[in-house]
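Inspection log for the structure reproduced underneath, given as structure tokens.
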Amino acid sequence: MTDNNDKFNPHFLNHRKHKEDTLIVEEEQKGGNLNFGPYVAMYYAHQELLEGLTERGQKLIPGSVNENLAGIIEDQRGFSLEDKQWFVKEFQRYINDYVRASANYIGQPFTEDRFSTKFTLMNLWINYMKENEANPEHTHEGMLSWVIFLNTPDLTEERKNYKGKSFGPGGITFHYGEQANPTWAEHSYGYNPQMGGMWIFPAQLRHQVIPFKT
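Residue numbers (the working numbering): 19 to 232.
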């Protein structure tokens, strides 16, 4: 048995009208968010590094490390020990910044005992990628990896004419986690290379370079 006061009224639930200011989340109510996933950072390499890698790469043996790499690329060259020693000195500044920034990314204070900026270079090579070549999805050994674009072709028209769902000709893509449908998280990121651009990322992060025809 009910009376009028007991009648169901949807406004007593989540349809009640509120004043506008009651719908605002105050700053002190916000607890932040998780920066979930790998820290992937982009830089613009300094000119001495770009020129040094280019000049040293031209002196190397063509295709010398093809058997050791994932690339479907005719000419992949490994740098010498002297080249690697030079590179470590030129590259240290980027490792310093990346390690500090990655600590901040996960909300931790940077200290040398927890986040060391010292590193041992395991390998270093240069790819001379041409039309119709590709670097299929792969990962690297070690803790960190990077890619530096010393030179890039003009693919403006080819990208403009591309019809498809992938990132498009000549792009580098990073992949993390699983696909979601409906989309609740981005699991891939693509970048159109530009000369001097550089990415540093965890070595186990999946990545690939899409072929181009131009």
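C-beta: ideal position from N, C-alpha, C; glycine also. Being a predicted model, the structure only gives us computed values, none of them experimental.
Whole angstroms is fine: what's the gap from residue i's alpha carbon to residue j's?
{"i": "ASN53", "j": "LYS77", "result": "42 Å"}
{"i": "GLY195", "j": "ASP101", "result": "35 Å"}
{"i": "GLN212", "j": "GLU175", "result": "15 Å"}
{"i": "ASN153", "j": "ASN51", "result": "34 Å"}
{"i": "PHE105", "j": "ILE90", "result": "25 Å"}
{"i": "GLY75", "j": "GLN222", "result": "26 Å"}
{"i": "ASN32", "j": "ASN122", "result": "Legend: pLDDT at ASN32 = 49, less than 50; position of this residue unreliable, value from coordinates given subsequently. Their backbone Cα atoms lie some 39 Å apart in a straight line."}
{"i": "PRO187", "j": "TYR180", "result": "8 Å"}
{"i": "LEU99", "j": "GLY182", "result": "43 Å"}
{"i": "GLY55", "j": "PRO220", "result": "10 Å"}
{"i": "GLN226", "j": "LEU41", "result": "44 Å"}
{"i": "ASN86", "j": "ASN114", "result": "29 Å"}
{"i": "THR232", "j": "GLN47", "result": "53 Å"}
{"i": "GLY189", "j": "GLU44", "result": "41 Å"}
{"i": "GLU159", "j": "MET140", "result": "9 Å"}
{"i": "GLN110", "j": "PHE133", "result": "14 Å"}
{"i": "PHE192", "j": "GLU151", "result": "18 Å"}
{"i": "LYS148", "j": "TYR112", "result": "28 Å"}
Return the first residue and the last residue of the beta strand (DSSP E) that residue i is part of.
{"i": "LEU162", "result": "162-166"}
{"i": "ARG224", "result": "224-227"}
{"i": "PHE54", "result": "Run containing PHE54: none; DSSP gives neither H nor E here."}
{"i": "GLU151", "result": "From DSSP, GLU151 is part of no beta strand (DSSP E); its letter is neither H nor E."}
{"i": "TRP217", "result": "215-220"}
{"i": "SER134", "result": "Careful: SER134 lies outside any beta strand (DSSP E) and carries neither H nor E."}
{"i": "HIS193", "result": "190-193"}
{"i": "SER184", "result": "Segment: none, SER184 is in no beta strand (DSSP E) and carries neither H nor E."}
{"i": "LYS208", "result": "Reading off the sequence, residue 208 comes out as Gly, not Lys. That run of the beta strand (DSSP E) goes 206-209."}
Within this structure, are the beta carbons of residue i and residue j separated by less than 7 Å?
{"i": "VAL117", "j": "THR135", "result": "yes"}
{"i": "TRP164", "j": "ILE79", "result": "no"}
{"i": "LEU173", "j": "PHE230", "result": "yes"}
{"i": "ARG224", "j": "ILE144", "result": "no"}
{"i": "GLY63", "j": "MET161", "result": "Residue identity check: residue 63 is Ala in the sequence provided, not Gly. No, the pair does not count as a contact, with Cβ atoms beyond the cut-off."}
{"i": "ALA88", "j": "HIS156", "result": "yes"}
{"i": "SER120", "j": "TYR61", "result": "no"}
Please list the terminal residues of the continuous alpha helix (DSSP H) segment that includes residue i.
{"i": "GLY75", "result": "65-76"}
{"i": "ASN179", "result": "174-179"}
Using only the heavy atoms of the ligand MN, determine whether one of them is closer than 6 Å to the beta carbon of residue i.
{"i": "ASN179", "result": "Looking at this structure, you won't find the ligand MN or any other ligand, since it has none at all."}
TODO: Note down, one range per segment and in chain order, each beta strand (DSSP E) of at least 3 residues found wholly within the segment 83-108.
DONE: Taken in chain order, the unbroken stretches of beta strand (DSSP E) that lie wholly in the segment 83-108 and span 3 residues or more are 94-96.
Task: Any 3 or more C-beta pairs closer than 8 Å across the segment 120-128 and the segment 198-210 - done: no
- [ ] Assess, as a yes-or-no matter, whether the segment 168-186 is touched by the segment 58-77 under the definition of 3 or more beta carbon pairs within less than 8 Å.
- [x] yes
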